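Have a look at the structure below, then the notes.
2 protein chains.
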Amino acid sequence: MDELDQLVPDVFARDCASRPVLEHVAGRWAILALAALREGTFRFNALRRRVDGVSEKMLAQTLQTLERDGFVHRRAEPTIPPKVEYSLTPLGEETADKLADLIEFVEARLPDVLAARQAYDEARAAHA
Amino acid sequence: MDELDQLVPDVFARDCASRPVLEHVAGRWAILALAALREGTFRFNALRRRVDGVSEKMLAQTLQTLERDGFVHRRAEPTIPPKVEYSLTPLGEETADKLADLIEFVEARLPDVLAARQAYDEARAAHA
């Protein structure tokens, strides 16, 4: 890779800084958290209920990574107990729109995927 | 969840079959493999070079999962040695278009992410 190449982010290059960012937003829980936050501001526990199945630890890690990368805004009110709210930044909104597009597509095409799987497994069984 | 809900795929529900499918296409190596295959048909080793950094084992697993789900077509010619080629199915093409859109966005906005990280780390250091 010469110097000029390094000026243009390329996720296909193993050391490009864009690759971990892609992994941060496309990660298992990040996709769901970002897509959920399109619905509005969430407190931590409400978001945890929305992203059904995520552990407290994984959601906290995911949100911190997304906050550090500038996709999520964390707002803590200095009350007792502290009230902490999460929302999308403008960058996060654009990202979440693209993820929601992917999610809707996967949900809509689930019957095709299940049919493909059945055909694959039957072909394997026939050759076994 | 009542019976009617189960008829409509919802990735936010932990047991919905759409959730693992989303994870299959948005997985670390799957995103890159699907996006690479938009460029055309690849033999295994050529695809492995394109998806810089992937191990032989991880790429093989990724491609098998994507083939079973109907996103990737595997074609083996009965030559010696066997010539195996991978390409996108129509379903895979649509998926890969959405992933490429996400990749291009992340690459384009990398400077914003790096700036956000720097601001985050500086704010943390100031409070430490």
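So the protein lines, in turn, are chains A and B. The first sequence runs 1201 to 1328 under this note's numbering. The second sequence runs 1201 to 1328 under this note's numbering. C-beta atoms are modelled at their ideal positions from N, C-alpha and C, and glycine is treated no differently. The model shown is predicted, which means the values in this text are computed figures rather than measured ones.
- Within 7 Å of the CB of A:Ile1231, the CB atoms of chain B belong to Leu1222 and Ala1226, in sequence order along the chain.
- DSSP places B:Ser1218 in the helix class (H, G or I) of the three-state scheme.
- When secondary structure is reduced to three states using DSSP, B:Ala1326 falls in the helix class.
- Linking B:Arg1248 to A:Asp1312 through their CA atoms gives a straight-line distance of about 27 Å.
- Here A:Arg1238 is near A:Ala1300, since their CB atoms are less than 9 Å apart.
- When the beta-carbon positions are compared, A:Lys1283 and A:Arg1309 stay at least 9 Å from each other.
- Contact of A:Pro1209 with chain B is assigned, a C-beta pair being separated by under 9 Å.
- With a threshold of 16 other beta carbon atoms within 10 Å, A:Thr1241 falls short and is exposed.
- Chain A places a beta carbon closer than 9 Å to that of B:Ala1316, counting this residue as a contact.
- Under the Cβ distance rule, B:Val1251 counts among the residues neighbouring chain A, one pair being separated by less than 9 Å.
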